[in-house]
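Its first residue numbered 64, the sequence shown is counted upward by one per residue in the working numbering.
Okay, so here's the structure we're looking at.
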Amino acid sequence: MVNIHHAVQSAGGRVTKIKHAIIDVLSENGCLMNKAEIISALQRKKIAPNRSTLYRELRFLTNNHIVFQNTLFGTEYFEIPNAHHHHLICVTCENIEIVSMKNHLQEEEKCITQQNHFRTLHHSLEFYGYCQKCQT
C-alpha cells in the first residue's frame with residue numbers, strides 16, 4: 064500500500080481521502096471491479112464521492128499505471144496489479160474469477176518482450192466461456 068501511495072505522489076498527485084479509499088477498495092477486492100461496484104464499496108465505508116470526482120481519480124490512477132482498466136461486455140473494470148493473474152469470464156452471468164497461471168506462460172511473456180525489445184506495462188489475458196453454474 065505504501066508503494067501505491069508513493070506511486071501517486073511520484074506521478075504528481077496527492078493521496079486524497081477519495082483516492083486513498085479507491086485504492087483501499089480495489090486492494091481489498093483483489094480482482095476486477097466496475098464503477099458501480101466501487102461506488103457501492105465506498106458507500107459501505109461511509110464515503111460518497113460525486114461521480115465526477117470518482118471518474119477523475121480513476122482516470123488519474125489509470126493514466127499513471129497505478130490501476131489497470133479492462134473493458135468487458137462494454138463495461139470498464141479496474142484493478143490494482145498485484146499477484147500476476149488472469150480471468151475466467153462467464154459469457155452468460157458475467158461472473159469473473161481469478162485464475163493464476165504457472166511459470167510456462169510467464170516465461171513465454173518474457174520471451175515475447177525480449178524478442179521484440181518491448182517494455183510491457185500491463186497485459187490482459189481473459190478466458191471467455193461458461194462457468195459451472197451456467198453449463199447446466
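Using N, Cα and C, we set each Cβ at its ideal position, and we do this for glycine too.
Using the beta-carbon count (16 or more within 10 Å), is residue i buried or exposed?
i    : result
E160 : exposed
I175 : exposed
E120 : buried
Can you tell which of the options has its C-alpha closest to the C-alpha of residue i?
i    : options                   : result
K108 : T176, V88 and C156        : V88
I129 : I85, C194 and G192        : I85
H149 : Q169, E139, T138 and C156 : Q169
S73  : N133, N145 and N127       : N127
H185 : T125, C156, C197 and T199 : T125
C156 : A104, A70, K196 and K165  : K196
N158 : Q198, Q178 and G75        : Q198
Are residue i and residue j closer than 9 angstroms when you measure CB to CB?
i    : j    : result
K82  : F123 : yes
S90  : I143 : yes
F141 : N97  : yes
N145 : L95  : no
L135 : C194 : no
How close, in whole Å, do the beta carbons of residue i and residue j come, if the pair is a contact with beta carbons under 8 angstroms?
i    : j    : result
V162 : Y191 : V162 to Y191, Cβ: 12 angstroms. No contact.
A111 : L105 : 7 angstroms
Checklist entry - Mind pulling the alpha helix (DSSP H) runs of 4 or more residues that sit fully within the region 114-174? => result 114-126
Next on the checklist: For a minimum of 4 consecutive residues, which ranges assigned as the alpha helix (DSSP H) are wholly contained in the region 76-113?
Outcome noted: 80-92 and 98-107
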